[in-house]
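Each protein sequence line maps, in turn, to chains E and G.
Here this note's numbering is used: the first residue of the first sequence is 1, the next is one more, and so on.
Here this note's numbering is used: the first residue of the second sequence is 480, the next is one more, and so on.
2 protein chains.
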Amino acid sequence: MPDLTPDEFRALGHLFVDAVADSRAGLERHPVRDDVEPGTVRARFDTHAADAPSPLAAFPSLVEAVTGDAETRWQHPGFHAFFPANASLTSLLGELLSGAAGAQGMLWSTSPGCTEVEQAITDQLARALGLAEEFTHTGGGGGVIQDSASSASLVALLAALHRAASDPEGGWRARGVTGRERVYVTAETHSSLAKAVRAAGLGARGLRTVACTPGTRSMDSDALRAAMAQDAGAGLLPVLVCATVGTTSTGASDPVAALAAVAAGHRAWLHVDAAWAGVAALCDEHRWVIDGVERADSFCTDPHKWLLTAFDASLLWVRDAAALPAALSITPPYLRDAASESGAVVDYRDWQLPLGRRFRALKLWAVLHGQGLSGLRAHLRGHVALATELAERIRAHDGLELAADPVLALICLRASGTGSTGGDDDATRTLLDRVNATGRVLLSGTEIDGRPVIRVAFGNPATGTGHLDDLWTILTDRA
Amino acid sequence: MPDLTPDEFRALGHLFVDAVADSRAGLERHPVRDDVEPGTVRARFDTHAADAPSPLAAFPSLVEAVTGDAETRWQHPGFHAFFPANASLTSLLGELLSGAAGAQGMLWSTSPGCTEVEQAITDQLARALGLAEEFTHTGGGGGVIQDSASSASLVALLAALHRAASDPEGGWRARGVTGRERVYVTAETHSSLAKAVRAAGLGARGLRTVACTPGTRSMDSDALRAAMAQDAGAGLLPVLVCATVGTTSTGASDPVAALAAVAAGHRAWLHVDAAWAGVAALCDEHRWVIDGVERADSFCTDPHKWLLTAFDASLLWVRDAAALPAALSITPPYLRDAASESGAVVDYRDWQLPLGRRFRALKLWAVLHGQGLSGLRAHLRGHVALATELAERIRAHDGLELAADPVLALICLRASGTGSTGGDDDATRTLLDRVNATGRVLLSGTEIDGRPVIRVAFGNPATGTGHLDDLWTILTDRA
Chain E
1 MPDLTPDEFR ALGHLFVDAV ADSRAGLERH PVRDDVEPGT VRARFDTHAA DAPSPLAAFP
61 SLVEAVTGDA ETRWQHPGFH AFFPANASLT SLLGELLSGA AGAQGMLWST SPGCTEVEQA
121 ITDQLARALG LAEEFTHTGG GGGVIQDSAS SASLVALLAA LHRAASDPEG GWRARGVTGR
181 ERVYVTAETH SSLAKAVRAA GLGARGLRTV ACTPGTRSMD SDALRAAMAQ DAGAGLLPVL
241 VCATVGTTST GASDPVAALA AVAAGHRAWL HVDAAWAGVA ALCDEHRWVI DGVERADSFC
301 TDPHKWLLTA FDASLLWVRD AAALPAALSI TPPYLRDAAS ESGAVVDYRD WQLPLGRRFR
361 ALKLWAVLHG QGLSGLRAHL RGHVALATEL AERIRAHDGL ELAADPVLAL ICLRASGTGS
421 TGGDDDATRT LLDRVNATGR VLLSGTEIDG RPVIRVAFGN PATGTGHLDD LWTILTDRA
Chain G
480 MPDLTPDEFR ALGHLFVDAV ADSRAGLERH PVRDDVEPGT VRARFDTHAA DAPSPLAAFP
540 SLVEAVTGDA ETRWQHPGFH AFFPANASLT SLLGELLSGA AGAQGMLWST SPGCTEVEQA
600 ITDQLARALG LAEEFTHTGG GGGVIQDSAS SASLVALLAA LHRAASDPEG GWRARGVTGR
660 ERVYVTAETH SSLAKAVRAA GLGARGLRTV ACTPGTRSMD SDALRAAMAQ DAGAGLLPVL
720 VCATVGTTST GASDPVAALA AVAAGHRAWL HVDAAWAGVA ALCDEHRWVI DGVERADSFC
780 TDPHKWLLTA FDASLLWVRD AAALPAALSI TPPYLRDAAS ESGAVVDYRD WQLPLGRRFR
840 ALKLWAVLHG QGLSGLRAHL RGHVALATEL AERIRAHDGL ELAADPVLAL ICLRASGTGS
900 TGGDDDATRT LLDRVNATGR VLLSGTEIDG RPVIRVAFGN PATGTGHLDD LWTILTDRA
């Protein structure tokens with residue numbers, strides 16, 4: 001039989017688990033990012049796959065031999081680049097059960113467990129984050145696991161397009177987009193919104209970049225009001241406003257409640273992209289990240305970033321449970337189903353773009369079960385404490401300066417300059433390269449007002465105060 | 480620290496592996512599909528998640544207690560519904576390493592190993608399937624792993640829209656869709672194409688359903704030629720033709736080469752959706768499934784259906800490596816990267832809609848490594864042999880009849896009728912219900928020409944001749 005027997009899997013599974021444990025335990029013996037030339041890994045593969053099977057027991061060491069010098073180690077405690085991508089060992093246990101079930105949760109009936117656990121867990125998490133009850137499945141809305149915040153933004157946009165254009169011509173589902181639809185963002189909004197606008201067929205002209213309030217990186221609600229009024233007056237159709245809580249570059253936030261009020265005046269959809277920061281609402285002192293969300297149509301945050309859950313698990317909540325199915329449902333004969341037609345169940349295929357879907361709620365459930373909300377709060381607070389400490393050290397240091405106010409566990413810094421504008425751009429670029437060249441930490445760069453900035457995003461569960469000290473030594477030695 | 484230590488993971492991982500092995504070994508003690516009322520599983524969850532952590536060692540039995548009577552067991556050897564969703568134990572080993580790496584392969588530099596293994600494995604698989612060298616990364620095209628064939632179709636459509644509308648007004652990226660774009664399918668094409676057309680903003684009017692050749696369920700190339708000419712003459716823009724190899728309902732195939740020739744006359748994109756059937760090209764005797772693909776722009780097949788690879792792993796190959804990035808790339812400052820700008824690498828974020836991506840190539844690699852091409856061929860041939868045997872028995876049986884020609888491992892059947900039109904619709908519906916009510920097998924239904932049909936899709940690695948005999952007994956006892 002061309003698969004392992006359960007007993008073969010049992011023996012090999014133990015070996016692979018040991019390999020994973022050894023690999024995690026040994027991460028710090030490796031650089032965070034290997035220095036590798038393009039093509040190195042590909043060159044190690046034969047042109048053709050082998051006809052004969054090879055022993056799987058040797059596979060972990062084969063993978064190590066082929067890729068072990070060509071990795072960027074996202075789980076390394078010195079990884080502070082981009083945003084974290086928590087692949088906690090806790091969540092891997094849930095992932096293992098999910099893979100073993102091999103369920104396809106496209107319809108309720110194709111895996112009632114998959115669907116209902118996802119409903120229950122997203123309801124529990126909505127309450128733990130302090131979201132309004134309207135966002136739960138019991139409250140008329142509901143949560144769904146998407147693969148990424150990019151996909152969450154895209155399906156929110158599609159729901160918004162459908163809602164905005166239910167006109168006598170048959171609306172968006174029949175007619176498609178008209179070229180008049182407009183989506184509102186700022187220059188700080190994640191690029192996935194621009195990608196969603198492009199994918200949905202609106203073109204770059206469909207994306208309106210609204211000004212930020214002077215001196216901030218937050219959307220100016222007056223500027224939004226003016227832009228929407230101008231567009232509506234010109235016969236255009238305001239469809240969606242994206243409010244970000246915790247931008248990728250600097251962690252800035254838009255004023256959700258104020259933007260929601262403006263959007264409501266045009267019956268436009270208000271989507272809140274809190275992909276990174278949203279999970280912090282688990283902690284009372286960070287509950288501000290959901291301020292105003294009670295007025296939004298949808299809210300997204302990613303447990304696969306900073307909530308101990310292996311990629312992919314992006315959470316999207318919508319206020320109206322009918323909104324996504326209304327936009328996305330199409331039912332051919334081979335998917336017709338008595339439970340679906342009863343109206344008593346959720347068919348998650350209508351809440352996302354792909355048809356197939358995994359039992360991803362199991363890994364979130366494993367994390368909630370194994371860590372409890374108290375453990376998740378401790379996880380978040382630990383990183384915020386590291387960032388707060390780093391910010392204090394930077395403020396007290398002559399050669400470094402904060403480039404933006406610290407937000408949660410994200411610090412933006414640069415090399416101090418002698419001029420009146422603050423910062424030394426060349427020194428900042430050089431500092432980032434030299435710090436990363438050590439291999440002991442990995443930071444990433446961005447720009448603020450067109451000038452280079454270094455980002456430090458804490459978030460790895462294995463990162464502790466010793467790693468902060470290490471980072472500080474590396475930074476100050478090279479500044 | 481709010482995660483398991485490597486040693487805690489080692490101990491728990493062994494327990495979870497054992498739970499998976501036990502669960503697989505015991506599948507046949509359960510019905511394929513539990514009979515469960517909507518809301519049963521949700522009602523077992525507390526309204527709020529617990530603050531305190533609970534022991535993870537108890538998690539597998541908790542999951543079983545909560546969902547164990549509410550499952551549809553896709554890995555059960557009696558599961559012959561829809562198409563198979565192979566979550567082989569072999570691929571779970573690869574998935575475990577992938578989760579542990581926790582790499583984000585959005586850019587080459589964020590995980591060179593993730594990117595280059597995917598390039599190497601998709602190249603190997605392209606050659607193993609007999610695809611033209613142009614579809615490999617070394618041949619100017621390349622393969623990419625999508626989450627599903629739905630997403631593959633959508634990104635192919637976006638690339639086609641971009642290519643079709645590179646006009647002086649700035650094209651699709653700037654202007655969006657115009658309402659003139661047209662996509663060509665048949666009534667047998669998977670509904671994900673209609674969903675892609677909707678998502679891309681073309682509306683239902685953008686989808687042209689071309690007639691099948693009389694007496695077949697295959698697109699008529701003359702009808703396609705006439706439809707495209709009519710549209711072009713009316714000032715519309717033919718953008719993409721979707722040719723299906725192995726439709727979901729009956730396994731029918733469109734004449735790819737003929738359709739490609741027609742599409743080429745309008746410079747329209749030819750996408751081949753062989754989500755289920757395409758993997759059969761690994762076997763010489765089934766190589767016909769890629770006939771004509773050498774003239775296509777893109778080709779999709781899903782190892783997560785019938786090639787022993789746990790969901791999600793849908794393979795998309797494109798002839799032009801620049802096509803997807805040209806349509807999808809957007810680069811904000813925080814994703815700027817020296818390797819990307821060198822042009823020497825592939826950044827897979829530009830080959831898909833989401834930004835983030837897992838190291839999914841590892842599970843494909845594990846399957847190739849552990850089974851070899853010979854094992855994969857044996858897997859496919861085993862199911863085709865079961866289907867061939869079932870078809871022969873149906874032909875020889877008075878109460879059953881084939882409703883369509885068998886294709887690979889898919890059989891469409893119905894209860895025999897006494898009239899001249901063949902089949903008894905009420906008896907067919909009753910038969911499907913009664914067969915599924917046994918719990919020992921699960922079949923799914925569809926329609927052919929508006930009349931009910933029962934589908935049997937073999938594909939589970941654990942399904943053998945004993946299960947065929949069991950199915951046959953159940954079918955004939957109830958016919």
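Beta carbons are placed, not taken as given, at the ideal position from N, Cα and C, and that holds for glycine.
Note that the structure is a prediction, hence the values are computed from the model and not measured.
Find the residues of chain G that neighbour R198/E, judging by a C-beta separation of less than 7 Å, and give them in chain order.
R652
By the DSSP assignment, the beta strand (DSSP E) with H750/G in it spans what residues?
W748 to D752
Any beta-carbon of chain G closer than 7 Å to the one on W74/E?
yes
Please list, in chain order, the residues of the region 770-795 of chain G that have any C-beta partner in chain E closer than 8 Å.
H783, L787, A789, F790 and D791
From this set, G714/G, S895/G, A845/G and D956/G, which residue's C-alpha is nearest S61/E's C-alpha?
A845/G
DSSP three-state label for G260/E, please.
The displayed chain sequence assigns Ala, not Gly, to residue 260/E. A260/E falls in the helix class under three-state DSSP.
Classification of T665/G by the beta-carbon crowding that lies within 10 angstroms, buried from 16 upward:
buried
With a threshold of 8 Å, are at least 3 pairs of Cβ atoms found where one atom belongs to the region 288-301 of chain E and the other to the region 248-258 of chain E?
yes
Cross-chain neighbours of W108/E in chain G, by beta carbon under 9 Å
P517
Take the Cβ of T418/E as the centre, count every other Cβ of all protein chains shown within 10 Å, and call the residue buried at 16 or more, exposed below.
exposed
Hey, quick one: how far does the beta strand (DSSP E) through F470/G stretch, first residue to last?
Nothing can be reported for residue 470/G: it is not among the residues displayed for chain G, which extend from 480 to 958.
In the DSSP assignment, find the unbroken alpha helix (DSSP H) run with P804/G in it and report its ends.
A802 to L807
Residue burial classification, R29/E (beta-carbon count within 10 angstroms, cutoff 16)
exposed
Taking the straight line between their C-alpha atoms, what separation do you get for L207/E and G399/E?
40 Å
Residues within the region 261-285 of chain E neighbouring chain G, beta-carbon criterion of under 9 Å:
none
Which residues bound the alpha helix (DSSP H) around V66/E?
F59 to T67
Does any residue of chain G have a CB that is nearer than 7 Å to the CB of P333/E?
yes
Suppose you measure from the CA of L386/E to the CA of F458/E; what does that come to, to the nearest Å?
7 Å
For the region 304-367 of chain E, list the beta strand (DSSP E) runs that are entirely contained and at least 3 residues long, ordered along the chain.
314-318
List the residues of chain E whose Cβ lies closer than 8 Å to the Cβ of R659/G, in chain order.
Residues of chain E passing the Cβ test: none, with the nearest at roughly 10 Å.
Chain E contact residues for L803/G, given Cβ-Cβ distances below 9 Å
Here the premise fails: no neighbours, minimum Cβ distance about 12 Å.
Just by C-beta distance, which residues in the region 909-942 of chain G are closer than 8 Å to chain E?
S923, G924, T925, E926, R934, P940 and A941
For C593/G, which three-state DSSP category applies?
helix
Any contact between the region 572-590 of chain G and the region 832-839 of chain G? By contact I mean 3 or more CB pairs, one from each, below 8 Å.
yes
Give the straight-line distance between the Cα atoms of V772/G and Q598/G, rounded to the nearest whole angstrom.
20 Å
Can at least three beta-carbon pairs, one atom from the region 333-343 of chain E and one from the region 156-168 of chain E, be found at a separation below 8 Å?
no
For chain G, find out if any of its Cβ atoms is closer than 7 Å to the Cβ of T122/E; answer yes or no.
no
For C891/G, list the residues DSSP reports as bridge partners.
R934/G
Could you give the first and the last residue of the continuous alpha helix (DSSP H) run that contains V480/E?
A query on residue 480/E cannot be resolved here, the shown segment of chain E reaching from 1 to 479 and no further.
E401/E, DSSP secondary structure in three states:
strand
If we ignore side chains and look at the alpha-carbon of each, how far apart do A11/E and V210/E end up?
58 Å
In the DSSP assignment, what residue or residues form a beta bridge with F524/G?
F524/G pairs with nothing; no bridge assigned.
Quick one: is H527/G buried, meaning 16 or more other Cβ sit within 10 Å of its Cβ, or exposed?
exposed
Name, please, each residue of chain G whose Cβ falls closer than 8 Å to the Cβ of H48/E.
Q603, R606 and A607
Opposing strand residues paired with D927/G [DSSP bridges]:
Rather than Asp, the amino acid found at residue 927/G in this sequence is Ile. In DSSP, I927/G forms a bridge with R930/G.
Can you find a CB in chain E that lies within less than 7 Å of the CB of V797/G?
no
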